[in-house]
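Structure first, then comments.
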Amino acid sequence: MTTGKFDTTPIARELAAMARRRQALSAQELPLPTRTRILTVVNQKGGVGKTTTAVNLAAALAQGGARVLVLDLDPQGNASTALGIDHHAEVMSTYDVLIDGEPLASAVAVSPQSKRLQVVPSTIHLAGADLELAGMERREHRLREALDAHLSSLDEPPHYVFIDCPPSLGLLTINAFTAATEVLLPIQCEYYALEGVSQLLDTIGRIQAHLNPRLTVSTVILTMFDGRTLLSRQVVDEVRSHFPEQTLDAVIPRSVRVSEAPGYGQTVIAYDPNSPGALSYREAAAEIARRGTA
């Protein structure tokens with residue numbers, strides 16, 4: 001009788017729910033795409049969990065058996081940091097690929113978190129890349145051409161490529177749009193969640209019309225969800241009404257462990273794999289994998 005009472009406390013129910021989620025994740029096998037899926041992770045609004053989402057989805061898919069390549073196009077290099085990759089000024093990086101025409105393979109590093117997880121880091125040199133690209137021929141296509149050449153040279157190309165963009169709509173992001181087949185849009189469950197999204201969709205429409213007709217907004221993921229607040233629940237409903245087909249069922253909670261992980265050069269998948277944030281990203285990754293092979 002006493003045990004039953006304890007089982008109905010909020011903490012006990014939460015622990016039981018997390019145990020069921022872990023069991024469900026461990027029991028499933030992620031389907032692998034037959035062709036490389038190239039996803040640009042973008043939102044020109046900062047602080048929405050863009051880089052956090054890119055690296056944790058990449059790590060979760062690698063954990064699930066996929067070969068994953070992350071291209072860091074953000075001069076801040078936060079994706080490189082979270083994946084344990086050096087990105088000081090002397091390191092070969094996406095800057096060398098875009099500006100100097102170096103082959104992508106020369107800048108690829110393997111993340112210490114998984115042998116299936118590769119990274120092309122960014123460096124501070126990328127901060128001026130938009131200006132340098134402006135005067136170059138085929139300036140919008142440089143990443144696509146480098147990535148296509150790299151993928152075609154591999155006997156076992158990655159199943160997924162994630163491109164982490166800067167929080168802007170400059171030439172770096174346009175290169176990412178031109179190289180990708182899918183757009184993954186993180187939206188935080190906060191005030192003004194959809195602010196700027198219409199401008200982003202207009203930009204994507206122009207890219208589709210003039211540079212990359214194969215590009216689609218395939219995935220919307222809700223981040224920084226706080227189930228205790230009415231606001232978060234309202235944002236979820238609003239985003240699902242705007243993007244009914246694209247929005248994932250998995251929602252990423254606001255989490256201290258997710259925020260702490262990059263300080264240790266890790267994703268939350270490696271840092272605390274049983275935390276709510278890690279489980280949510282694993283569920284989101286599984287959903288992306290299933291949608292891509294449906």
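If you're matching positions, the sequence shown starts at 1 in the UniProt record's numbering and goes up one per residue.
Just so it is clear, CB atoms sit at the ideal spot from N, CA and C, and this is done for glycine as well.
Since this is a predicted model, take the numbers as computed values, not measurements.
Closest to residue 210 by C-alpha separation, out of 138, 91, 133 and 19, would be which residue?
The sequence position of residue 210 within the sequence shown is 210, counting from 1. The candidate whose alpha carbon is nearest that of residue 210 is 138.
Go to residue 69, then tell me how far its beta strand (DSSP E) extends in each direction, as first and last residue.
By 1-based counting over the sequence shown, the position of residue 69 is 69. That run of the beta strand (DSSP E) goes 68-72.
Contact defined as beta carbons within less than 8 Å: I believe residue 217 pairs with residue 204. What is the distance between those atoms, to the nearest angstrom?
As a position in the sequence shown, residue 217 is number 217, starting the count at 1. As a position in the sequence shown, residue 204 is number 204, starting the count at 1. Contact between residue 217 and residue 204 holds: their C-beta atoms lie close to 6 Å from each other, under 8 Å.
Below 8 Å between beta carbons: does that hold for residue 303 and residue 258?
Only positions 1 to 294 of the chain appear in this structure, which leaves residue 303 out of reach.
Assuming residue 125 and residue 89 make a contact with CB atoms under 8 Å, what is their CB distance in whole Å?
Here residue 125 is taken as the residue at index 125 of the sequence shown, counted from 1. Here residue 89 is taken as the residue at index 89 of the sequence shown, counted from 1. Confirmed, Cβ separation roughly 7 Å.
In the structure shown, what three-state DSSP assignment does residue 290 receive?
As a first step, residue 290 must be located in the sequence shown, where it is residue number 290. Residue 290: helix per DSSP, three-state reduction.
Take every Cβ of the region 14-24, pair it with every Cβ of the region 161-172, and state whether three or more of those distances are shorter than 8 Å.
With the cut-off at 8 Å, the region 14-24 and the region 161-172 do not touch.
Local conformation of residue 239 per DSSP, three classes
Residue numbering aside, residue 239 sits at position 239 when the sequence shown is read from its first letter. Of the three classes helix, strand and coil, the one that applies to residue 239 here is helix, per DSSP.
Taking the straight line between their C-alpha atoms, what separation do you get for residue 114 and residue 239?
The residue given as residue 114 occupies position 114 in the sequence shown. The residue given as residue 239 occupies position 239 in the sequence shown. Going by the C-alpha atoms only, they are around 33 Å apart.
Delimiting residues of the alpha helix (DSSP H) encompassing residue 198:
On the sequence shown, position 198 is the one that residue 198 refers to. Here the alpha helix (DSSP H) through residue 198 covers 197-210.
Which of the three DSSP states is assigned to residue 12 in this structure?
Indexing the sequence shown from 1 puts residue 12 at position 12. Three-state result, residue 12: helix.
Near residue 285, which residues of its chain fall below 7 Å by C-beta distance, leaving aside the five closest residues on each side in sequence?
Translated into positions along the sequence shown, residue 285 becomes position 285. So the list reads 57, 60, 61 and 64, once near-sequence residues are dropped.
Quick one: grab the DSSP three-state call for residue 218.
Here residue 218 is taken as the residue at index 218 of the sequence shown, counted from 1. In this structure, residue 218 counts as strand in the three-state DSSP scheme.
Which residues in the same chain as residue 2 place their Cβ atom closer than 8 Å to its Cβ, once the five residues preceding and following it in sequence are excluded?
To locate residue 2, count along the sequence shown from 1; it is residue 2. The pLDDT assigned to residue 2 is 47, lower than 50, so where the model puts this residue is not dependable, and the model offers no usable value.
Nearest-angstrom Cα distance between residue 251 and residue 55?
Here residue 251 corresponds to residue number 251 of the sequence shown, with the count starting at 1. Here residue 55 corresponds to residue number 55 of the sequence shown, with the count starting at 1. Their Cα atoms are separated by approximately 16 Å.
Sequence ranges, beta strand (DSSP E) only - wholly within the region 14-56, length at least 3
As far as the region 14-56 is concerned, its whole beta strand (DSSP E) runs of at least 3 residues are 37-41.
DSSP three-state assignment for residue 247, whether helix, strand or coil
For the purposes of this step, residue 247 is identified with residue 247 of the sequence shown, where counting begins at 1. Residue 247 falls in the strand class under three-state DSSP.
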